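Residue numbers (full-length UniProt numbering): 1 to 573.
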């Protein structure tokens with residue numbers, strides 16, 4: 001979905017053409033707006049913006065009949081910053097999503113990949129890239145103008161913004177191609193075919209009519225533009241499609257500055273067409289994003305949306321409600337993403353899942369590891385394919401210049417979680433959580449979008465079973481991850497794990513065993529310890545231990561193992 005907005009300024013219009021400047025919080029599914037002095041505003045039945053009152057049950061905002069700029073809110077005895085209940089906002093967001101029609105293809109692909117991970121959660125590899133996004137990908141960009149709003153930004157400028165290496169137009173740090181090349185360590189080459197401008201069949205006022213259901217005229221406009229390309233013999237063959245023949249990425253820019261109020265007409269959004277646009281028996285369009293060109297081009301939202309469509313990346317913010325958690329803040333493109341013209345990088349979790357790791361090392365006890373910022377060098381501590389820790393070095397420089405902090409980021413991943421669940425409980429928690437070094441968890445508590453004490457580095461930095469925050473799994477069991485120290489913040493940083501040594505675990509169950517064709521690679525998922533590798537050169541021998549563990553699993557027998565945070569060195573029935 002489009003990048004959420006938090007306290008941003010918007011210019012809206014009353015039916016008589018008068019302008020209002022309001023502050024907004026929300027996204028395409030749910031939002032709330034206030035005057036600059038903090039009074040909540042809604043649209044009245046006549047289309048004019050009015051001061052809002054909260055219903056007695058707290059489930060809705062209702063117009064008071066008093067128009068903004070014609071009444072003094074202080075004389076109305078209205079409180080400031082009114083919000084509906086969390087439950088009501090979540091329900092409204094769900095209803096808004098459902099009203100838009102079919103679920104986008106990228107969501108379907110992601111749900112399939114998540115189900116596959118869950119089915120193979122008894123796998124010793126942390127988040128094996130199930131749908132790697134590597135190699136050459138190509139999307140389509142439609143440019144649309146109107147008789148009453150002709151184009152002011154050239155097709156060539158948009159092409160350069162999408163594809164030109166070293167692009168600097170409008171102050172951007174490179175093109176969209178540059179961004180994805182950089183954050184993937186050169187593993188993704190993503191370009192776009194930018195079509196010539198299509199002049200819409202109607203004036204823009206036709207498509208921005210607020211009386212027509214949100215998204216209807218936007219999709220009509222998209223179909224018009226695609227019809228025009230088909231009639232002109234446009235070659236769609238180079239566009240990247242998924243296994244079902246659906247072209248992955250369709251981005252639409254229309255001329256002018258957005259004129260609609262929130263969730264009306266051509267308000268920027270992304271979703272799927274109500275029914276696929278069929279080019280042939282094997283090629284069709286479904287997913288799209290649409291936004292106004294405005295007066296300039298900026299990277300953040302364009303890259304965020306293409307992160308969805310091209311890479312199947314999820315949103316990492318809370319889009320079920322307004323005024324709750326802030327997801328992972330500015331620490332990922334797929335949340336708030338930092339600066340418009342130089343967005344922050346994608347987080348380590350999604351990079352690794354996309355197959356963009358240049359080095360991914362499973363941590364063991366008593367070891368030191370050096371990881372560089374600006375490179376996809378990650379440290380892993382897995383419980384399963386669905387829950388694990390992943391560690392990276394982030395630096396306030398280059399792509400991450402607008403990052404809130406520099407240092408080692410420790411991420412807790414649970415692919416069965418959801419970043420709309422900020423409760424931090426075993427049952428309800430984020431899909432991706434930043435272990436905030438200050439232990440305040442400001443992101444979950446909506447205090448800020450990240451601050452200078454979130455990441456690890458320097459004197460006193462540690463992360464383990466007795467630290468705050470601690471390294472437990474979400475169910476409260478110990479993960480075995482024990483980071484003893486993290487070096488001072490720098491471009492290259494060292495993470496050292498404590499030498500805890502092996503321990504003996506008595507009468508535990510064997511949940512699953514796994515082996516590759518290489519006889520020296522075998523694992524067992526035991527008790528609450530999770531996956532442990534059978535140590536190469538173990539006294540009992542890999543084959544013997546694997547056979548013993550497999551027998552215990554098949555017969556439901558308990559075993560005693562000698563294991564550390566990464567390995568099993570001995571096993572007894």
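Glycine residues also receive a C-beta, built at the ideal position from the N, C-alpha and C atoms. The structure presented is a predicted model; accordingly, all values stated were derived computationally and were not measured.
- Spatial neighbours of residue 400 in its own chain (CB-CB distance under 6 Å, excluding positions within 5 residues in sequence) are listed in chain order as 344, 345, 394.
- When rounded, the separation of the alpha-carbon atoms in residue 499 and residue 100 is 54 Å.
- By the criterion of a C-beta distance shorter than 8 Å, residue 472 is surrounded in its chain by 465, 478, 479, once the five residues flanking it on both sides are discounted.
- Shown here for residue 524: same chain residues with a beta carbon closer than 7 Å to its own, the five before and five after excluded, namely 510, 513, 532, 534, 549, 568 in chain order.
- Put simply, the backbone Cα of residue 102 is about 26 Å away from that of residue 432.
- Under DSSP, residue 411 shares a beta bridge with 390, 434.
- Residue environment for residue 558: exposed (fewer than 16 other C-beta atoms within 10 angstroms of its C-beta).
- Around the beta carbon of residue 264, 16 or more other beta carbons lie within 10 angstroms, which makes this residue buried.
- Rounded to the nearest angstrom, the gap between the Cα atoms of residue 53 and residue 212 is 26 Å.
- The alpha-carbon separation between residue 60 and residue 92 amounts to approximately 10 Å.
- Under the DSSP definition of a beta bridge, residue 493 partners with 371.
- Judged by DSSP in its simplified three-state form, residue 73 adopts helix.
- Counting C-beta atoms within 10 angstroms of its own C-beta, residue 573 has fewer than 16 neighbours from the protein chains shown and is therefore classed as exposed.
- Boundaries for residue 49: no alpha helix (DSSP H) harbours it, while the beta strand (DSSP E) harbouring it runs 49-54, taken from the DSSP string.
- Taking the C-beta atoms as reference points, residue 501 is found nearer than 9 Å to residue 365.
- For residue 315, the closest C-alpha among the options 112, 184, 270, 133 is that of 270.
- In the displayed model, residue 193 falls within a strand according to three-state DSSP.
- DSSP places residue 106 in the uninterrupted alpha helix (DSSP H) bounded by 105-119.
- DSSP places residue 162 inside the alpha helix (DSSP H), whose first and last residues are 155-163.
- Residue pairing by DSSP places residue 571 opposite 561 in a beta bridge.
- In terms of Cα proximity to residue 354, the closest of 363, 113, 218, 104 is 113.
- DSSP places residue 551 in the helix class (H, G or I) of the three-state scheme.
- When the alpha-carbon of residue 234 is set against those of 142, 209, 556, the nearest one is in 142.
- DSSP places residue 230 within a helical segment (H, G or I) once states are collapsed to three.
- Leaving aside the five residues that flank residue 73 on each side, the residues in its chain whose CB is nearer than 7 Å to its CB run, in chain order, 39, 51.
- Between the region 443-458 and the region 405-424, the count of Cβ pairs shorter than 8 Å is three or higher; the stretches touch.
- Taking one beta carbon from each stretch, the region 423-440 and the region 322-334 have 3 or more pairs nearer than 8 Å; the two touch.
- In the displayed model, residue 143 falls within a strand according to three-state DSSP.
- When rounded, the separation of the alpha-carbon atoms in residue 375 and residue 358 is 7 Å.
- Taken through DSSP and simplified to helix, strand or coil, residue 26 comes out as strand.
- Within the region 250-322, the runs of alpha helix (DSSP H) at least 4 residues long that lie entirely inside it are, in chain order, 299-311.
- The C-beta distance from residue 175 to residue 167 rounds to 4 Å, short enough to fall under 8 Å.
- Comparing alpha-carbon positions, the option among 308, 237, 23, 282 lying closest to residue 111 turns out to be 308.
- For residue 96, the three-state secondary structure derived from DSSP is helix.
- By the 16-neighbour rule on beta-carbons within 10 angstroms, residue 444 is buried.
- Going by DSSP, residue 532 is part of the beta strand (DSSP E) stretching over 530-534.
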